[in-house]
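Colleague:
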Amino acid sequence: MLRKSLLVVLSLFLVFVGMASRADAAKPTTAAACKQCHPPVDDVVRGTFFGVSEKFRTIQVSVGSLIWVIKYGDDLKLTGADKITAIPKEKEIGVKFSGGEKTPYAVSLDVKPPAKVAPEKLVSTGELLKLIAAGPEKGKFTLLDSRPAPRYVEGHIPFALSLPQPAFDKLKDTVLPKEKDRLLIFYCGGVT
Numbered sequence: 002m003l004r005k006s007l008l009v010v011l012s013l014f015l016v017f018v019g020m021a022s023r024a025d026a027a028k029p030t031t032a033a034a035c036k037q038c039h040p041p042v043d044d045v046v047r048g049t050f051f052g053v054s055e056k057f058r059t060i061q062v063s064v065g066s067l068i069w070v071i072k073y074g075d076d077l078k079l080t081g082a083d084k085i086t087a088i089p090k091e092k093e094i095g096v097k098f099s100g101g102e103k104t105p106y107a108v109s110l111d112v113k114p115p116a117k118v119a120p121e122k123l124v125s126t127g128e129l130l131k132l133i134a135a136g137p138e139k140g141k142f143t144l145l146d147s148r149p150a151p152r153y154v155e156g157h158i159p160f161a162l163s164l165p166q167p168a169f170d171k172l173k174d175t176v177l178p179k180e181k182d183r184l185l186i187f188y189c190g191g192v193t
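In my numbering, the protein residues as written are 2 to 193.
Here is the structure:
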């Protein structure tokens with residue numbers, strides 16, 4: 002009986018210690034995709050815009066499976082958008098905050114600007130259709146889909162190879178052509 006009581010007490014102790022260590026663990030502040038360019042910082046949340054409540058003056062930022070709810074006020078410094086309600090859902094943002102993770106208050110919000118590609122480096126839809134009609138060997142091109150692999154599996158442009166942007170360094174030697182004179186055409190899910 003004493004042994005059984007001791008086991009119960011020990012089990013309860015371990016459960017409470019485990020819960021306490023989990024409670025002390027900090028919430029993630031940076032989405033995986035953002036970590037490619039930005040190291041995690043304690044007072045900046047980087048992820049995708051999930052929504053805004055003007056009534057409660059809160060911004061919701063998705064960091065993986067976690068949603069940060071951050072209060073804001075009239076003193077919010079906004080960069081990359083005219084107003085907070087104009088930010089599209091799932092747009093990449095960074096929010097600098099004060100007050101710690103339990104009561105975060107937004108100091109500034111930066112919207113990721115769209116990628117700028119020189120016009121001479123863009124392939125028009127018409128040009129791409131001609132290349133696809135000729136095929137990759139005759140057209141001397143390699144078409145690369147940089148979206149996540151599950152999106153590629155759902156559907157992709159004919160002849161496209163999957164090279165998800167986050168896995169570029171890991172897969173480039175196996176996916177990219179050895180011939181350096183081939184035209185490389187990358188596409189993704191749209192403007193980010």
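We treat Cβ as the ideally placed atom computed from N, Cα and C, and that holds for glycine.
Once the 5 residues before and after Lys28 are set aside, which same chain residues still bring their CB inside 8 Å of it?
Modeller: What you label residue 28 is simply residue 27 of the sequence shown in a count that begins at 1. Correct list, in chain order: Val64, Leu67, Trp69, Glu102.
Colleague: Nearest CA to the CA of Val42: which residue from Asp75, Val96, Lys84?
Modeller: Looking up residue 42 in the sequence shown gives position 41. With distances taken between Cα atoms, Val42 lies closest to Val96.
Colleague: Which one of Leu162, Asp76, Thr86, Gly74 has the shortest CA to CA distance from Phe50?
Modeller: As a position in the sequence shown, residue 50 is number 49, starting the count at 1. Closest by alpha carbon: Thr86.
Colleague: Name the two residues that bound the continuous beta strand (DSSP E) containing Glu93.
Modeller: Walking along the sequence shown from the start, residue 93 turns up at place 92. Run containing Glu93: 93-99, per the beta strand (DSSP E) assignment.
Colleague: So Val112 packs on Thr143, CB below 8 Å; how close in whole Å?
Modeller: Counting from 1 along the sequence shown, the entry for residue 112 is found at position 111. Counting from 1 along the sequence shown, the entry for residue 143 is found at position 142. Actually they are not in contact, since the Cβ atoms of Val112 and Thr143 sit about 32 Å apart, beyond 8 Å.
Colleague: Val62 to Glu138, Cα distance in whole Å?
Modeller: Sequence index remark: in the sequence shown, residue 62 carries index 61 (1-based). Sequence index remark: in the sequence shown, residue 138 carries index 137 (1-based). When rounded, the distance between both Cα atoms is 44 Å.
Colleague: Any idea what DSSP makes of Ile68, helix, strand or coil?
Modeller: Taking the first residue of the sequence shown as position 1, residue 68 is located at position 67. Ile68 falls in the strand class under three-state DSSP.
Colleague: Quick one: what does DSSP say Thr104 is sitting in, helix, strand or coil?
Modeller: By 1-based counting over the sequence shown, the position of residue 104 is 103. Reduced to three states, the DSSP call for Thr104 is coil.
Colleague: May I ask you to list the residues that DSSP assigns as paired with Arg1?
Modeller: In this structure the chain extends from 2 to 193, so residue 1 is not present and cannot be described.
Colleague: Would you please state the rounded distance, in angstroms, between the beta carbons of Ile186 and Leu129? I believe it to be under 8 Å.
Modeller: Indexing the sequence shown from 1 puts residue 186 at position 185. Indexing the sequence shown from 1 puts residue 129 at position 128. Their Cβ separation, rounded to whole angstroms, is 7 Å, which keeps Ile186 and Leu129 in contact under 8 Å.
Colleague: DSSP on Phe187, reduced to helix/strand/coil?
Modeller: If you number the sequence shown from 1, residue 187 lands on position 186. It is a strand residue.
Colleague: Give the range of the beta strand (DSSP E) segment to which Thr143 is assigned.
Modeller: Start at 1 with the first residue of the sequence shown, and residue 143 comes out as number 142. It spans 142-146 - the beta strand (DSSP E) in which Thr143 sits, taken as one unbroken run.
Colleague: Taking the C-alpha atoms as reference points, what is the distance between Glu55 and Glu180?
Modeller: Taking the first residue of the sequence shown as position 1, residue 55 is located at position 54. Taking the first residue of the sequence shown as position 1, residue 180 is located at position 179. Each residue's alpha carbon lies about 54 Å from the other.
Colleague: Could you please give the first and the last residue of the uninterrupted alpha helix (DSSP H) stretch that includes Lys171?
Modeller: Here residue 171 refers to the residue found at position 170 of the sequence shown. From DSSP, the alpha helix (DSSP H) with Lys171 extends over 169-176.
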